[in-house]
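Student: Numbering of the sequence shown is given in our numbering, commencing with residue 1099 and proceeding in unit increments. For each residue, glycine too, the CB sits at the ideal point set by N, CA and C.
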Amino acid sequence: FDVNDQLESDTELIIKLPPKMESSSLSMKRVKDVGNMKFLPQWRKGRSPIKIKELLRGQKIPLHLRDETSVLCISDGSEDQIVAVYIQQSEEDKNGKWIIHSDFEPTKGNRVTRITLVTSN
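Here it is in structure tokens:
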């Protein structure tokens, strides 16, 4: 596999990393593994973050899919934070979408980080 080839199923996330987190590590987890971590979607910017399960309920994710929902987390060694969550309406839904935490949402004029998520079979 050549890393320069991008498959149709690959997804590229473009995020803004705060300076203090540029040397942090990223990991993919499931909602059941992150507990009650909070998340602040772009449309709630300026308000309080909500629990990740509240976000999934608001996005009408079926209850049986919520614990298995993928989240991209960043860790600075002492604390984990959710960067993005993958929203998939059903098990058959092949057109899910990533919602980026408002703290990591890219803005014009700021440096961004590109992350390519590759689907493996």
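My assumption, with CB atoms under 8 Å, is that L1138 sits in contact with T1211. Please give the rounded CB distance.
Tutor: 19 Å between Cβ atoms; not a contact.
Student: Take D1201 and list the residues in its own chain whose beta-carbon comes closer than 6 Å to its own, dropping the five residues that flank it on each side.
Tutor: Here the set comprises nothing.
Student: To the nearest angstrom, how far is the alpha carbon of K1158 from that of Q1187?
Tutor: C-alpha separation (whole angstroms): 7 Å.
Student: Name the two residues that bound the continuous alpha helix (DSSP H) containing R1155.
Tutor: R1155 -> alpha helix (DSSP H) spans 1150-1156.
Student: Given this structure, state the Cα-to-Cα distance separating E1203 from I1148, to the nearest angstrom.
Tutor: E1203 and I1148: Cα-Cα distance of roughly 17 Å.
Student: Looking at the structure shown, is S1164 part of a helix, part of a strand, or coil, going by DSSP?
Tutor: The residue asked about is misnamed: residue 1164 is Arg in this sequence, not Ser. In the structure shown, R1164 sits in a helix (DSSP, three-state: H, G or I).
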